[in-house]
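S.K.: Once you've had a glance at the structure underneath, I'll fire off some questions.
In this note's numbering, the protein residues as written are 70 to 277.
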């Protein structure tokens, strides 16, 4: 489930009447959750992919300029101040172009923050990866590979910094034990505020 609606994944042999009954029994919860997603989307910088619209970057809106050039072979996205210009061959290329731009910026923004975070606590990591995940903001593997969701670049910088600190703490404590949370709280005293922000607004951090 997200702001766009509900997707069900069901057993192949499940009877239609059972599906309808299951959905109906959960209708109040589904409706409440969808309302929460809709409210969240209205309370943060909007994603509007029309020419003259906007996209959030580290929690602040960038004006979007869309230039369609039919003969263009490759998409091109460039930021100038608070304006983000996307040159595409067709409108259908726009989401792809913007996601690629956000992924590249994710490396630029996250890598120095991550390097600072591990240096402060005398740790190190093996590799940084940027991924597109629906329900996870970050992860830390047993081999020291740290992964982050590119959509974090649409959240406020303080929220991004919290997720980085959260994953760096896993280098010392690979679980979510009391020791882990004690480490996180010591490094990020406002972590509950940032967790609430992600829970409330995370579903709206999307291009479509």
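Glycine included, every Cβ here is placed at the ideal spot set by N, Cα and C.
May I have the straight-line CA-CA distance separating residue 277 from residue 85, to the nearest angstrom?
M.R.: Position 208 of the chain shown, counted from the first residue, corresponds to residue 277. Position 16 of the chain shown, counted from the first residue, corresponds to residue 85. Those two C-alpha atoms are separated by around 30 Å.
S.K.: Where residue 159 and residue 139 are concerned, what is the direct C-alpha to C-alpha distance, given to the nearest angstrom?
M.R.: Taking the first residue of the chain shown as position 1, residue 159 is located at position 90. Taking the first residue of the chain shown as position 1, residue 139 is located at position 70. Straight-line Cα distance between these residues: approximately 7 Å.
S.K.: Taking C-alpha atoms, which residue in 225, 152, 211 and 207 lies nearest to residue 217?
M.R.: As a working mapping, residue 217 is identified with position 148 in the chain shown. Per the Cα distances, 207.
S.K.: Which class does residue 210 belong to by DSSP, given the choice of helix, strand or coil?
M.R.: If you number the chain shown from 1, residue 210 lands on position 141. Note: residue 210 maps to coil in three-state DSSP.
S.K.: Assuming contact is defined by CB atoms lying nearer than 7 Å, are residue 132 and residue 152 in contact in what I supplied?
M.R.: Indexing the chain shown from 1 puts residue 132 at position 63. Indexing the chain shown from 1 puts residue 152 at position 83. Yes, these two residues count as a Cβ contact at 7 Å.
S.K.: Under 7 Å, Cβ to Cβ, is there at least one residue of chain D near residue 243?
M.R.: Of the chains in the structure shown, none is chain D; there is only one protein chain.
S.K.: With a Cβ-Cβ cutoff of 7 Å, do residue 200 and residue 274 count as a contact?
M.R.: Taking the first residue of the chain shown as 1, we reach residue 200 at position 131. Taking the first residue of the chain shown as 1, we reach residue 274 at position 205. No, these two residues do not count as a Cβ contact at 7 Å.
S.K.: Using CA atoms only, rank isn't needed, just tell me which of 209, 184, 185 and 213 is closest to residue 195.
M.R.: Along the chain shown, read from residue 1 onward, the residue named residue 195 stands at position 126. With distances taken between Cα atoms, residue 195 lies closest to 213.
S.K.: Can you tell me where the alpha helix (DSSP H) holding residue 189 begins and where it ends?
M.R.: Reading the chain shown from its first residue, position 120 is the one you call residue 189. 163-189 is the extent of the alpha helix (DSSP H) around residue 189.
S.K.: By the DSSP assignment, the beta strand (DSSP E) with residue 199 in it spans what residues?
M.R.: The residue you call residue 199 lines up with position 130 of the chain shown. Where residue 199 is concerned, the enclosing beta strand (DSSP E) stretches over 196-200.
S.K.: To the nearest angstrom, how far is it from the Cα of residue 255 to the Cα of residue 190?
M.R.: One-based indexing of the chain shown puts residue 255 at position 186. One-based indexing of the chain shown puts residue 190 at position 121. Each residue's Cα considered, the two are about 12 Å apart.
S.K.: Return the chain-ordered list of same chain residues with a C-beta closer than 6 Å to the C-beta of residue 154, the five sequence neighbours on each side being excluded.
M.R.: For the purposes of this step, residue 154 is taken as residue 85 along the chain shown, with counting starting at 1. Closer than 6 Å at Cβ, skipping near neighbours: 134 and 147.
S.K.: Could you name each continuous alpha helix (DSSP H) segment of 4 residues or more that falls completely within the region 223-275, going from the start of the chain to the end?
M.R.: Here the runs fully enclosed are 226-238, 247-256 and 260-270.
S.K.: Rounding to the nearest angstrom, what Cα-Cα distance links residue 120 and residue 269 in this structure?
M.R.: Start at 1 with the first residue of the chain shown, and residue 120 comes out as number 51. Start at 1 with the first residue of the chain shown, and residue 269 comes out as number 200. Spanning the two alpha carbons is a distance of roughly 28 Å.
S.K.: Going by C-alpha to C-alpha distance, which of 224, 161, 150 and 128 sits closest to residue 143?
M.R.: Taking the first residue of the chain shown as position 1, residue 143 is located at position 74. For residue 143, the nearest C-alpha among the options comes from 161.
S.K.: Are residue 186 and residue 237 closer than 7 Å when you measure CB to CB?
M.R.: Taking the first residue of the chain shown as 1, we reach residue 186 at position 117. Taking the first residue of the chain shown as 1, we reach residue 237 at position 168. In this structure, residue 237 lies closer than 7 Å to residue 186 by Cβ.
S.K.: Figure out for me which residue from 92, 168, 197 and 170 has the closest Cα to the Cα of residue 181.
M.R.: Counted from its first residue, the chain shown places residue 181 at position 112. The shortest Cα separation from residue 181 among 92, 168, 197 and 170 belongs to 197.
S.K.: Please state the DSSP three-state secondary structure of residue 153.
M.R.: Your numbering for residue 153 matches position 84 in the chain shown. DSSP places residue 153 in strand when its eight states are reduced to three.
S.K.: How many angstroms separate the CA atom of residue 150 from the CA atom of residue 96?
M.R.: As a first step, residue 150 is located in the chain shown; it is residue number 81 there, counting from the start. As a first step, residue 96 is located in the chain shown; it is residue number 27 there, counting from the start. Looking at the two C-alpha atoms, the distance is approximately 45 Å.
S.K.: In terms of alpha-carbon separation, which member of 239, 80, 202 and 234 lies closest to residue 210?
M.R.: In the chain shown, counting from the first residue as 1, residue 210 sits at position 141. Ranking the options by Cα distance to residue 210, first place goes to 239.
S.K.: Given a threshold of 16 other Cβ atoms within 10 Å of its Cβ, counted over all protein chains shown, does residue 230 qualify as buried or as exposed?
M.R.: In the chain shown, residue 230 corresponds to position 161, counting from 1. Looking at its Cβ environment, which holds 16 or more other Cβ atoms inside 10 Å, residue 230 is buried.
S.K.: Give me the DSSP bridge partner(s) of residue 137.
M.R.: Taking the first residue of the chain shown as position 1, residue 137 is located at position 68. Its beta-bridge partners are 157.
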